[in-house]
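In our numbering, the protein residues as written are 75 to 399. Here's the structure we're looking at; comments come further down.
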């Protein structure tokens, strides 16, 4: 037994032990069978290996003599590459920033069916279909518009978040409505002005609904201060408004929509050349779109082209309410 205890001590204190001593030391326990293989392999490979390699080889048996669980330590480094592989695959799961090829026709079919079955019990089992046919295509369209909006103005932003971004929420606010239907039956996408959260500023809008698709630009139900600012600029710069209002490309594509007063605002001459526009409570221009356009790969080009056509109109409104264009 004295000899058996002496061999482990020599392996710890002397880096250079002979193959014979190592072999004799390994005979003390059956669990050290793997230790004898390591020196034998090294001896067969080369007798001229460096002292540092021999030192590491002799240290390995020392770890194994301390505990029979040493093989478990060897298995853990082998699992590390698997973790690294998983980490490198993570970016591939990120949605692409381009590749929008038009809205699927099932978007309109789904919205039509939702209109006939506007209740949670119908929607929940079909949520996966909503994701694939409605929400994901809408987010892809928003991503495609990121590079196109600067053609209109650098101050309009596209945010492809599922909640709180450019895609408007599906759930209706029913707190003050007699209609308690939980879901909207249209898709709304808005590209707000960068200062839109601080002031009521003009924006861009896309509306998708079975039987009605259009883009809108301007302000819908502006706050009184913003509305008065627009009316003031029309009165102060009637020639500029005339050029904007009757620009050929703009009038060929857009029509002004929204609510109006029955009478001219206080202080406005009923004979003013732009009295009808001064009576407006909304300042929004609308251009219709066909479903064939919406579902085609040219949808992004068509929609961004319409937004660009309305640049003069948007500039006038932005300058009127005091935001950058």
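Don't be surprised by glycine CBs; every beta carbon is placed ideally from N, CA and C.
- Residue 306 is not bridged by DSSP to any residue.
- The Cβ atoms of residue 371 and residue 175 lie closer than 7 angstroms to each other.
- The alpha-carbon separation between residue 269 and residue 316 amounts to approximately 27 angstroms.
- Of the residues 203, 277 and 291, the one whose Cα lies closest to the Cα of residue 179 is 203.
- In this structure, residue 275 sits near residue 397, with a CB-CB distance shorter than 7 angstroms.
- Beta-bridge analysis with DSSP links residue 183 to no other residue.
- Listed in chain order, the alpha helix (DSSP H) elements of length 4 or more contained wholly in the segment 218-262 amount to none.
- Per the coordinates, the alpha-carbon of residue 206 lies some 41 angstroms from the alpha-carbon of residue 318.
- Between residue 386 and the set 375, 238 and 359, the nearest pair of CA atoms involves 359.
- Shown here, residue 397 sits in coil according to DSSP, grouped into three states, outside any helix or strand.
- Straight-line measurement puts the Cα of residue 314 at about 14 angstroms from the Cα of residue 322.
- Shortest Cα-Cα distance from residue 357 to any of 301, 201 and 188 involves 301.
- DSSP places residue 202 inside the alpha helix (DSSP H), whose first and last residues are 201-204.
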